[in-house]
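Sequential numbering of the sequence shown, starting at 1, is according to full-length UniProt numbering. The structure under discussion appears below in the form of structure tokens.
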Amino acid sequence: MTAKDTFTTKSGQDTNIIGSKLEGETINMEVGKDLNIESLQDKETYDEKNNSSGFNFSVDVSQPKGKPATYQNAGITGGKNKGKINSTYESVTDQAGIYAGKGGFDIEVGKNTDLKGAVIASEADASKNKLSTDTLTYSDIENRAEYESSSSGINVNTKPNAKDKDKGITPNIGVTSSDEADSTTKSAIAEGTIEIRSNPDQDLTGLSRDTQNSLNTLEKIFDRKTVAEQQELAQLFGQVAFKAIGDLGLKEGSPEKAALDIVFGGIMSKVGGGKFAEGAASAGLTQLVMNELKNIKDPALLQWATAIVGAAAAKVVGGKAQTGASVAVSEVKNNWLFHWQKEERQKAIDEEDWEKVAYWDRIDEAQDQIFNSMGINPNLIDWTDPINSKLLESISNQAQELEASSNFQNSFLENLPTVDYPTIIAAGSISVVVGGAVLYKYNGSWVKASSPIAIGVGKWGEATFQNESKLVDHFVRHGKEWGNITKTEYVQKARNLLNSNVEAEIEGFTNNLGYTFRYNKVTNEFAIGHPNGTISTMMRPNEGRQYWLEQVAKYADL
């Protein structure tokens, strides 16, 4: 109930405000008996169980001409799977109570006033707020959200020619995913006078007087589609990873195999729980597993583990397993970097300082050349022995001098492979500028873009939208993304971006239809230039770089 000015109510019995609000600029209430105010929770439950099974019997039949038929490789193949999802959500989303404006409230209750996750709020000065009641009780409401999902199953293959790892009854990799959250909706009364007639000295230290921050709505954490995708992702990752472990041929029960099983079991559990960034499976997966791999001290075991990670990650995001494995190994194995140099390179990776990473990769190449020219195999030298400290220092200094020379940098650039620009961008590659050239980190190596990507630069200095109507439309929709700017400033931003060369923070292309696309990954600005020289759009996409990658996939090859 809402009153525009003063809300006055008088009752000889109880007054109950359950899951609702009483609002007015000034509120005057007389309650003969009890005043009960209670907030209600929104509640949702989800329960799902599923079972599936399928089995086939097959036999290979061959009958050479003039001979009787033979029957081989008879057997049963199939499987049975089951899963369940349970979710519970309970939270107050709209707090019941009495809400007074700048006129305050004057409430007199004959018996008890009881608040359950409810408020008596006011915008007025404390001197205008008064509650007089014989007794006062209050309690909070606990909000909670939780879900748990699990899946398991078996595969059956009784065919004689089945691979050892598939023979008989084998388990499907079970994936468990769960999460929980909670909050408290507190009872509160605005600052003012509280008169408790039967117990003037009642301790009210547990009563909140902050009515602005008492609701604490709990957001929903369960989404059926997301949980299912996490389970599928984890299961696919696990299938590839554990198959790769089996293909290593390690003895069952060996410390090496046990260590790998433990590492990848833990990773798979975290993937299933969705603990990495949504919409960036590859990057999130890599970030997640690297912390696990750092705990592996054995170099050979680390090489195996990184190969498995690469294969599984590539499979999960739709790539080729072999490529993924080689990328992962190349990231861990730097041929000719000393220990302290590897630490500096890793520090640069952690800080996302890709120019510094590229520098250490050039030092890597320079030291490779120096070792080869000296006929030295660095793996046969104990670099921790003080006797080799002078050699280490000499090679490090020579590598720095070599890396700084223009001849080396030119040779380094000339020998880099080239990859089509749309392919590079679709892979989410990072870029740096070296010796005036733009390089991209692609599949674990630095590459150049083979396409002429800076077409049309410089021609947008006087460009504008096709007509005033289109300018107004785009400005109304997107101008606010920069705050308080004018239409003229909005157009100039589009001109500046379209005129930008494709370099460190600027990505872009001009497709065969003549449309120019530019994206600034630092400021999250995106623009399209029309083939006729007008501006098609200028915006800051909510999805950020993911939006840009979608545009590349759609339009780069047109």
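C-beta: ideal position from N, C-alpha, C; glycine also.
Around the C-beta of D5, fewer than 16 other C-beta atoms lie within 10 Å, and the residue is accordingly described as exposed. Ranked by Cα distance from N157, the options D361, D473, A74, A348 are led by A74. If you draw a 10 Å sphere on the C-beta of Q546, you find fewer than 16 other C-beta atoms in it, and that means exposed. In this structure, the alpha-carbon of T93 lies about 41 Å from that of A553.
Residue burial annotation: N520 is buried, with at least 16 other C-beta atoms found within 10 angstroms of its C-beta. Remark: C-beta atoms of Y147 and I107 do not approach each other more closely than 8 Å. The C-alpha of N129 is placed about 7 Å away from the C-alpha of S122. Straight-line measurement puts the Cα of Q398 at about 15 Å from the Cα of G375. By the CB criterion at 8 Å, G544 and A463 fall outside the cutoff. Beta-bridge partners assigned by DSSP to I528: F517, T537. Here W340 is exposed: its Cβ has fewer than 16 other Cβ atoms, across all protein chains shown, within 10 Å. G206 counts as exposed, since fewer than 16 other beta carbons sit within 10 angstroms of its beta carbon.
The bridge partners DSSP lists for V31 are S11, V109. A residue is called buried once 16 or more other Cβ atoms fall within 10 Å of its Cβ, and Y89 is buried on that count.
Between I37 and L136, the C-beta gap is not smaller than 8 Å, which leaves the two residues out of contact. With respect to A504, A527 sits apart: the two C-beta atoms are not nearer than 8 Å.
According to the DSSP assignment, D134 belongs to the beta strand (DSSP E) that extends over 129-139. It is roughly 10 Å from the alpha-carbon of I363 to the alpha-carbon of Q369. L513 counts as exposed, since fewer than 16 other beta carbons sit within 10 angstroms of its beta carbon. Apart from the 5 residues on each side of it in sequence, N199 sits with its Cβ closer than 8 Å to the Cβ of T135 in its chain, given in chain order. Counting of Cβ neighbours within 10 angstroms places S214 among the buried residues, the total reaching 16 or more. Taking the Cα of I221 as reference, the smallest distance to any Cα among G19, T184, S178 is reached at S178. In the DSSP annotation of this structure, the continuous segment of the beta strand (DSSP E) that includes E507 starts and ends at 506-510.
DSSP places S214 in no alpha helix (DSSP H); its state is neither H nor E. Ranked by Cα distance from L35, the first of Q41, N532, I17, T26 is I17. For the set K448, I535, K102, the Cα lying nearest the Cα of W460 is the one of I535.
In the structure shown, N388 falls within a helical segment according to DSSP collapsed to helix, strand and coil.
Per DSSP, reduced to three states, the secondary structure at A366 is helical. When beta bridges are read from the DSSP output, D182 appears opposite R144. Distance between S91 and S20, taken at the CA atoms: about 15 Å. Straight-line measurement puts the Cα of L22 at about 8 Å from the Cα of A96.
DSSP places G75 in the strand class (E or B) of the three-state scheme. Between S208 and S139, the C-beta gap is not smaller than 8 Å, which leaves the two residues out of contact.
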